[in-house]
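First the structure, in the form of structure tokens, and then the observations on it.
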Amino acid sequence: MSDKIVVDFIDTPSYSPNFNLAEYIIHLLRMKLLHNLPLGVNMEQIQYKLEKYFEFNQLQTAQQIQNIIHHIYALVNC
């Protein structure tokens, strides 16, 4: 097994959310934790909710993130 990491650079449009791991994670975060918040919730309450969640949980496992990366790579190579 090699200790080297191989990185492939792929040209994508300047804004391409379907090819961006952060966009997938932000979408998941919104759907899981921020969707259906009551009216009038403020930023401090949102921050508290997020901090409490991440104190004891993680949003994605390493395998789930790897699956998303493979999905993105498949989209790019279509």
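Quick note: the sequence shown, position 2, residue -9 per our numbering, numbers continuous.
All C-beta atoms, glycine included, are put in the ideal place defined by N, C-alpha and C.
C-beta contact flag for residue i and residue j at 8 Å
i, j, result
"Leu64", "Asn7", "yes"
"Leu28", "Leu39", "no"
"Ile57", "Leu10", "yes"
Distance between residue j and residue i (C-alpha atoms, nearest Å)
i, j, result
"Asp118", "Asp(-8)", "With the chain covering -10 to 67 only, the question about residue 118 has no answer from this structure."
"Val30", "Gln36", "11 Å"
"Met20", "Val(-5)", "33 Å"
Coarse secondary structure for residue i, derived from DSSP in three states
i, result
"Asn46", "coil"
Which residue spans inside the stretch -7 to 32 form an unbroken alpha helix (DSSP H) run of at least 4? DSSP runs (the alpha helix (DSSP H)) wholly in the stretch -7 to 32: 10 to 18.
Three CB pairs or more closer than 8 Å across the stretch 48 to 59 and the stretch 13 to 23: Flag = yes, the stretch 48 to 59 and the stretch 13 to 23 touch.
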